[in-house]
Amino acid sequence: INFVANPLVNIHLQGRFDTYPKRRGITRVKEMLESGINVCFGHDDVFDPWYPLGTANMLQVLHMGLHVCQLMGYGQINDGLNLITHHSARTLNLQDYGIAAGNSANLIILPAENGFDALRRQVPVRYSVRGGKVIASTQPAQTTVY
1 INFVANPLVN
11 IHLQGRFDTY
21 PKRRGITRVK
31 EMLESGINVC
41 FGHDDVFDPW
51 YPLGTANMLQ
61 VLHMGLHVCQ
71 LMGYGQINDG
81 LNLITHHSAR
91 TLNLQDYGIA
101 AGNSANLIIL
111 PAENGFDALR
121 RQVPVRYSVR
131 GGKVIASTQP
141 AQTTVY
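If you count the sequence shown from 1, position 127 lands on 127 in full-length UniProt numbering, and the numbers rise without skipping.
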């Protein structure tokens, strides 16, 4: 079984017409993970009438998902990265997922020390690679404090 939750849209749309207390618009991600079900996070409704703030940034999806699913322990946060990487690849039945010789080399490069740092700081994608070729890059922001 594979299960996809969409935290940004679900938390906005589900329960919006409730009186108080309002229902939390997210499924039981923590319980499904503990039961061994493959769960991943997705992002639908990108910049449309149902969710006009959508950017398709999966770090934002994970950030919100970890909050609303109450997965804020250090280990849960690090394991949570699988919700937008390995678990998603399993859901999509990608056979050549991961960094290995012969794989398709579709990946993003983030300016961060590790996954936790990337998520905490919500870093922008530095390079987007498709088929081994850079298809987009972002110049680092520069800040000067006086």
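Where is the CB? At the ideal position from N, CA and C, for every residue including glycine.
Backbone secondary structure at arginine 90 - three-state DSSP: Here residue 90 corresponds to residue number 90 of the sequence shown, with the count starting at 1. Arginine 90 falls in the helix class under three-state DSSP.
Between the CA atoms of glycine 73 and aspartate 48 - distance to the nearest angstrom: Stepping through the sequence shown from its first residue, residue 48 is reached at position 48. Stepping through the sequence shown from its first residue, residue 73 is reached at position 73. Spanning the two alpha carbons is a distance of roughly 33 Å.
8 Å contact criterion, which methionine 58 and proline 7 should meet: CB distance rounded: Translated into positions along the sequence shown, residue 58 becomes position 58. Translated into positions along the sequence shown, residue 7 becomes position 7. Methionine 58 to proline 7, Cβ: 11 Å. No contact.
Test item: CB-CB of cysteine 40 and valine 9 under 8 Å: Taking the first residue of the sequence shown as 1, we reach residue 40 at position 40. Taking the first residue of the sequence shown as 1, we reach residue 9 at position 9. No, the pair does not count as a contact, with Cβ atoms beyond the cut-off.
Exposure label - isoleucine 109; buried when at least 16 CB within 10 Å: In the sequence shown, the residue the question calls residue 109 occupies position 109. Isoleucine 109 comes out exposed.
Sheet register partners of leucine 107 (DSSP bridge): In the sequence shown, counting from the first residue as 1, residue 107 sits at position 107. Answer by DSSP bridge pairing, in chain order: Val129.
Counterpart residues of cysteine 40 in DSSP-defined beta bridges: Stepping through the sequence shown from its first residue, residue 40 is reached at position 40. Cysteine 40 pairs with Val4.
Residue of Phe17, Pro21 and Ser88 minimising C-alpha distance to asparagine 38: Translated into the one-based positions of the sequence shown, residue 38 becomes position 38. Checked all of Phe17, Pro21 and Ser88; the closest Cα to asparagine 38 is Ser88.
DSSP bridge partner residues for tyrosine 51 (one or two, in chain order): On the sequence shown, position 51 is the one that residue 51 refers to. DSSP output for tyrosine 51 lists Asp48 as bridge partner(s).
Element boundaries [alpha helix (DSSP H), containing phenylalanine 116]: Position 116 of the sequence shown holds residue 116. Element bounds for phenylalanine 116: 115-121.
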